[in-house]
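Colleague: Input: one structure, supplied below.
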Amino acid sequence: MKFGIMNLFPVGDGVSDHQVLRETLEEIGLADELGFDSVWLAEHHFSKYGILGSPVHFGMAVAERTKRITIGTAVLVLPLHDPLRLAEDIAALDVLSGGRVSIGVGRGYQPSEFAGFGIPLAESKERYQETLEVLRLALSQEGFSYHGKFFTYDNITTYPRPFTPGGPPILQGTVSPESFRDRGAVGESIITSPNFTPLGIMQKNYDLYRQAMADNGFDIAAYDVPFMQQVWVGDGDEGLREAAQAALNYYKSVGKVIPGSEEAMEQEKKYYAAVAKNIDLLTLEQTLTHGGNFGSAQRVIETIEMLGEQLGVNHYIGWLRIPSLDRKAALKSMEEFATKVIPYFRAKDAVKPAAEAVVG
181 MKFGIMNLFP VGDGVSDHQV LRETLEEIGL ADELGFDSVW LAEHHFSKYG ILGSPVHFGM
241 AVAERTKRIT IGTAVLVLPL HDPLRLAEDI AALDVLSGGR VSIGVGRGYQ PSEFAGFGIP
301 LAESKERYQE TLEVLRLALS QEGFSYHGKF FTYDNITTYP RPFTPGGPPI LQGTVSPESF
361 RDRGAVGESI ITSPNFTPLG IMQKNYDLYR QAMADNGFDI AAYDVPFMQQ VWVGDGDEGL
421 REAAQAALNY YKSVGKVIPG SEEAMEQEKK YYAAVAKNID LLTLEQTLTH GGNFGSAQRV
481 IETIEMLGEQ LGVNHYIGWL RIPSLDRKAA LKSMEEFATK VIPYFRAKDA VKPAAEAVVG
């Protein structure tokens, strides 16, 4: 089991943009020292919901301040990017970090971001696919050509070349059952943050992914199978409820930035309407029970074990820096996670090979 942290880069009341960026760098340095395996940086634009427009550039600062932690994006909004510039930046980060890069990508969903860049939201699906195809070519091949609807290139090579042969791994943001199945069928890596999705539905989605991989000759044991959720580790009811309230505040903020029915693509109107309704009805108690992984170290361990057993998760990414949660409380939770949760799984993982050797 690997462990990561997630950073959204929100700006709360009484906090400056500069403070958010500098403090997040400090927190990632701490995570590196504490033994976390990965850090994941979110991309957003034009709002204090998340102020990091270029996770790859920020990742270069992370690379110079850390020694071992993998630098991930969760996610790059591909329709908003020029694929060649993005390939150059990703390769530079891969070189500077010595190959410590994982690239999570997604289609995006906020109308204001697309409008700000003058890109029709209706084009997002096609632009996403073309940008992804060009990005993969640019990172893996020299002298490639591509002819699509939005991008056309002949005999082009981007520099620098990646440190990692073929380029860093690319994980696709995955939500619907169809996308789990389709990506499993072609052996593509995924990343997901299933807030409030019932465990039974997530189990079906992961089963679709795993079965599609097996049916098409891919060994899922060779893949990271990540799962991302909000986390707080600690003792005491007061701290627990503060963490859940911060998580609830975040979910309410999501409700303000998802597309309205008049802005969403036609086929997605019902989905966004349902999400908005569920967020509007959300309570603190529901957040405590279904909005993340909150509680004592033992309770958090049991939830992660359940996710491993029922979904096959082997890379657990915690949103330990929950937006609006007091920073000292979040850092204390991070240290609790690192000193009580991670060692439990490290010891458990160390026992497995020995036990398998005895059986063999």
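Note that the sequence shown ends on residue 540 in this note's numbering; no numbers are left out. C-beta atoms are modelled at their ideal positions from N, C-alpha and C, and glycine is treated no differently.
#1: Go to isoleucine 502, then tell me how far its alpha helix (DSSP H) extends in each direction, as first and last residue.
#2: Per DSSP, what are the beta-bridge partners of glutamine 410 in this structure?
#3: With respect to the beta strand (DSSP E) encompassing methionine 382, which residues constitute its N-terminal and C-terminal limits?
#4: I need the straight-line Cα distance from threonine 402 to methionine 393, nearest angstrom please.
#5: Taking the straight line between their C-alpha atoms, what separation do you get for asparagine 375 and glycine 279?
#6: Tell me which residue opens and which closes the beta strand (DSSP E) that tyrosine 333 is part of.
#7: Just to confirm the assignment: which complete beta strand (DSSP E) runs, minimum length 3, are found wholly within the segment 230 to 318?
#8: Whole angstroms are fine: how far does the CA of arginine 287 sit from the CA of valine 257?
#9: Which residues does DSSP list as the beta-bridge partners of leucine 351?
#10: Check whether the segment 298 to 309 touches the segment 354 to 371, taking contact to mean three or more Cβ pairs, one atom from each stretch, closer than 8 Å.
#11: Could you tell me which of Asn335, Leu273, Phe398, Leu351 sits nearest to leucine 317, measuring between CA atoms?
#12: Let me confirm a value: phenylalanine 297 is counted as buried when at least 16 other C-beta atoms fall within 10 Å, else exposed. Which label applies?
#13: Assuming asparagine 473 contacts glutamine 409 under a Cβ cut-off of 8 Å, what Cβ separation, rounded to an integer in Å, is found between them?
#14: In the structure shown, what three-state DSSP assignment does valine 191 receive?
#15: Comparing alpha-carbon positions, which option in Asn187, Arg421, Leu266 lies nearest proline 340?
#16: Pull up the CB-CB distance for glutamate 244 and leucine 214, whole angstroms please, since I reckon it's below 8 Å.
#17: Going by CA-CA distance only, name the one from Arg248, Gly239, Glu293, His470 that's closest to glycine 284.
#18: Candidates Phe360, Asp415, Lys247: which alpha carbon is nearest arginine 390's?
#19: Please report the Cβ distance between methionine 186 and phenylalanine 525, rounded to the nearest whole angstrom; I am assuming they are in contact, meaning their Cβ atoms lie under 8 Å.
#20: May I have the straight-line CA-CA distance separating threonine 204 from histidine 198, to the nearest angstrom?
#21: Going by beta-carbon coordinates alone, are proline 291 and glycine 230 separated by less than 7 Å?
#22: According to DSSP, simplified to helix, strand and coil, what is glycine 184?
#23: At which residues does the alpha helix (DSSP H) containing histidine 198 begin and terminate?
#24: With DSSP run on the structure shown, which of helix, strand or coil describes glycine 440?
#25: Quick one: what does DSSP say serine 325 is sitting in, helix, strand or coil?
#26: Going straight from the alpha carbon of asparagine 385 to that of threonine 253, what length do you get?
#27: Considering only residues of the same chain and omitting the five flanking positions on each side of glutamate 443, which have a CB-CB separation below 6 Å?
#28: Near valine 480, what residues of its chain come up, given a Cβ to Cβ distance below 6 Å and the 5 sequence neighbours on each side ignored?
#29: Using alpha carbons as the reference points, say which of Phe398, Leu260, Glu207 lies closest to histidine 224.
#30: Measure from the alpha carbon of alanine 271 to the alpha carbon of each residue in Val255, Tyr289, Ile251, then state which is nearest.
#31: Is it buried or exposed for methionine 486, if we count other Cβ within 10 angstroms and need 16 for buried?
#32: Could you have a look at glycine 472 and say whether DSSP puts it in helix, strand or coil?
#33: Just checking my contact of glutamate 268 with threonine 338 at CB under 8 Å: how many whole Å lie between their CB atoms?
Modeller: Based on what the coordinates show:
#1: Note, isoleucine 502: premise wrong, no alpha helix (DSSP H); not H, not E.
#2: Looking at the DSSP assignment, glutamine 410 forms a beta bridge with Trp499.
#3: Segment 379 to 395 is the alpha helix (DSSP H) holding methionine 382; no beta strand (DSSP E) there.
#4: Per the sequence shown, residue 402 should be read as alanine rather than threonine. Alanine 402 and methionine 393: Cα-Cα distance of roughly 11 Å.
#5: One C-alpha to the other measures close to 30 Å.
#6: It spans 332 to 336 - the beta strand (DSSP E) in which tyrosine 333 sits, taken as one unbroken run.
#7: For the segment 230 to 318, whole beta strand (DSSP E) runs of length 3 or above, ordered along the chain, are 250 to 257, 281 to 286.
#8: In this model, valine 257 and arginine 287 are separated by some 5 Å (Cα to Cα).
#9: As computed with DSSP, leucine 351 is found in a beta bridge with Gly284, Ser369.
#10: Flag = no, the segment 298 to 309 and the segment 354 to 371 do not touch.
#11: Selected option, being the one with the closest Cα: Asn335.
#12: Per the 10 Å Cβ criterion, exposed.
#13: Going by Cβ atoms, the distance from asparagine 473 to glutamine 409 rounds to 6 Å, so yes, they are a contact pair.
#14: Reduced to three states, the DSSP call for valine 191 is coil.
#15: Relative to the Cα of proline 340, the nearest Cα in the group Asn187, Arg421, Leu266 belongs to Leu266.
#16: Contact flag wrong, Cβ pair sits at about 19 Å.
#17: Comparing Cα-Cα distances from glycine 284 to each of Arg248, Gly239, Glu293, His470, the minimum goes to Gly239.
#18: Nearest of Phe360, Asp415, Lys247 to arginine 390, Cα basis: Phe360.
#19: Actually they are not in contact, since the Cβ atoms of methionine 186 and phenylalanine 525 sit about 18 Å apart, beyond 8 Å.
#20: So the alpha carbons of these two residues sit roughly 10 Å apart.
#21: It is not a contact, given that the beta carbons lie outside the stated cut-off.
#22: In the three-state scheme derived from DSSP, where H, G and I count as helix and E and B as strand, glycine 184 is classed as strand.
#23: Element bounds for histidine 198: 197 to 214.
#24: With a pLDDT of only 47 at glycine 440, under the threshold of 50, the placement of this residue in the model should not be trusted; the figure read from the coordinates follows. It is coil, neither helix nor strand.
#25: Strand.
#26: Whole-angstrom Cα-Cα distance: 22 Å.
#27: With a pLDDT of 45 at glutamate 443, under the threshold of 50, the modelled position of that residue is not reliable, and no figure is offered here.
#28: If we look at valine 480 and ignore the five residues flanking it on each side, its Cβ neighbours are Val413, Asn473, Val521.
#29: In terms of CA proximity to histidine 224, Leu260 leads the group Phe398, Leu260, Glu207.
#30: It is Ile251.
#31: Methionine 486 is exposed by the Cβ-count criterion.
#32: DSSP places glycine 472 in the coil class of the three-state scheme, outside both helix and strand.
#33: Distance from glutamate 268 to threonine 338 at the Cβ level is roughly 5 Å; contact confirmed, criterion being Cβ atoms closer than 8 Å.
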